[in-house]
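A.B. asks: To start, I am sharing the structure in question, which I have written as structure tokens.
Residue numbers (the numbering used here): 2 to 75.
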């Protein structure tokens, strides 16, 4: 598995192969970043005024379902 980034300029300095340890660490970093984003987003949604839900295209029921999830749940 080769390490790649979304922006092509970043890929010019990346080795074509990475070690299995690097792969595991990169996968763990992606998972942790995803969990942190979910937790932060749900906390922000929890603090939001209900009158603003429509601005996001969400109903109250959808917001309540989302904020009740734990950070590891998609």
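Note that the Cβ used here is the ideal one computed from N, Cα and C, for glycine as well.
1) Can you tell me the Cα-Cα spacing of residue 65 and residue 19, whole angstroms?
2) According to DSSP, is residue 49 helix, strand or coil?
3) So the candidates are 71, 14 and 5; which of them puts its Cα closest to the Cα of residue 27?
4) With DSSP run on the structure shown, which of helix, strand or coil describes residue 66?
C.D. replies: By the coordinates alone:
1) 42 Å
2) coil
3) 5
4) helix
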